[in-house]
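To convert, take the position in the sequence shown, counting from 1, and add 99; that gives our numbering. Working notes, beginning with the structure itself.
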Amino acid sequence: MQKLTNRSKVVSQKDMSFLEKAYVPAILSGMGITLKHFFKKKSTVAYPEQERSFSPVYRGRHVLKRDDKGAERCTACGLCAVACPAEAITMTAAERQKGEESLYREEKYAAVYEINMLRCIFCGLCEEACPKEAIFLTPNITPAYYDRQDFVYGKDMLVEGIAPEDRVDVSKRQFWRDNLESTQKNP
Ligand code: SF4
Ligand code: SF4
Numbered sequence: 100m101q102k103l104t105n106r107s108k109v110v111s112q113k114d115m116s117f118l119e120k121a122y123v124p125a126i127l128s129g130m131g132i133t134l135k136h137f138f139k140k141k142s143t144v145a146y147p148e149q150e151r152s153f154s155p156v157y158r159g160r161h162v163l164k165r166d167d168k169g170a171e172r173c174t175a176c177g178l179c180a181v182a183c184p185a186e187a188i189t190m191t192a193a194e195r196q197k198g199e200e201s202l203y204r205e206e207k208y209a210a211v212y213e214i215n216m217l218r219c220i221f222c223g224l225c226e227e228a229c230p231k232e233a234i235f236l237t238p239n240i241t242p243a244y245y246d247r248q249d250f251v252y253g254k255d256m257l258v259e260g261i262a263p264e265d266r267v268d269v270s271k272r273q274f275w276r277d278n279l280e281s282t283q284k285n286p
């Protein structure tokens with residue numbers, strides 16, 4: 100029969116030697132590859148003891164910010180939920196009552212605010228859509244859990260603390276966001 104190409108290779112059918120039958124050359128070659136990688140720079144880190152350095156504008160888990168006086172900035176307008184391509188954000192709005200002015204900045208606030216971290220693709224569109232500078236992405240990583248329900252972050256996981264040491268610094272993302280806006284206005 101005529102060959103279709105001239106790239107065919109004739110494989111010899113010679114008997115294996117005793118060493119080949121005992122896998123000695125194959126084991127030595129495998130150990131050689133292991134030794135070669137043993138002295139190479141490791142491409143993994145021993146997380147969580149060691150952490151990689153991320154980009155200053157890395158998009159990690161979200162934070163809901165408070166204003167300077169400690170009141171929640173979010174006014175439950177829903178724009179972040181509309182902008183979210185993964186439909187990861189849900190919320191329930193409520194009306195601020197008399198005496199709650201120090202808790203919520205505006206007359207309407209989010210009584211329930213949830214982000215499903217299993218749906219989130221960390222695109223940052225919620226942050227861009229927010230007119231109140233209430234939601235930001237931080238460089239913090241979402242930890243691993245065994246239960247799916249644990250990935251649904253409520254306000255207890257999202258709203259930053261009132262004390263100065265519990266505030267989350269979002270200045271780098273804010274700077275990036277401000278510059279993004281000016282770039283879009285003056286392309
Ligand atoms: S980062 Fe993107 S996917 Fe995640 S909640 Fe925000 S808009 Fe949705
Ligand atoms: S986080 Fe911002 S966009 Fe989302 S509901 Fe609150 S104020 Fe509106």
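Every residue gets a Cβ at the ideal spot worked out from N, C-alpha and C, and that includes glycine.
{"query": "Contacts around E259, its chain only, beta-carbon distance under 8 Å, and the 5 residues preceding and following it disregarded", "result": "V162, L163, K164, R165, D265, R266, V267"}
{"query": "P286 to P184 span [Cα, whole Å]", "result": "With a pLDDT of only 48 at P286, under the threshold of 50, the placement of this residue in the model should not be trusted, and no figure is reported."}
{"query": "Contact set for R218: own chain, Cβ-Cβ below 8 Å, skip 5 residues either direction", "result": "A185, E186, A187"}
{"query": "Cβ neighbour criterion (16 or more within 10 Å) applied to E148", "result": "exposed"}
{"query": "Assigned secondary structure, I132 (DSSP; H/G/I helix, E/B strand, else coil)", "result": "helix"}
{"query": "Bounding residues of the beta strand (DSSP E) (the contiguous stretch that carries F221)", "result": "From DSSP, F221 is part of no beta strand (DSSP E); its letter is neither H nor E."}
{"query": "Heavy atom of ligand 2 within 6 Å of K231 beta-carbon", "result": "yes"}
{"query": "Closest residue to Q248 among R195, R160, I214, L224 (Cα-Cα distance)", "result": "I214"}
{"query": "Assigned exposure category for A121 - 16 Cβ within 10 Å defines buried", "result": "exposed"}
{"query": "Presumed contact (8 Å Cβ cut-off) between R204 and A170, rounded CB distance", "result": "4 Å"}
{"query": "Any non-hydrogen atom of ligand 1 closer than 6 Å to I214 Cβ", "result": "yes"}
{"query": "L236 versus K140 - alpha carbon distance", "result": "32 Å"}
{"query": "Cβ-based neighbour list, W275, same chain, cut-off 7 Å, excluding 5 preceding and 5 following", "result": "V156"}
{"query": "Cβ-heavy atom distance, L224 to ligand 2, below 6 Å", "result": "no"}
{"query": "Same chain, Cβ closer than 6 Å to C173, five either side skipped, listed in chain order", "result": "L163, A209, A233"}
{"query": "Inter-residue CB distance, R160 and I240 (contact presumed, cutoff 8 Å)", "result": "7 Å"}
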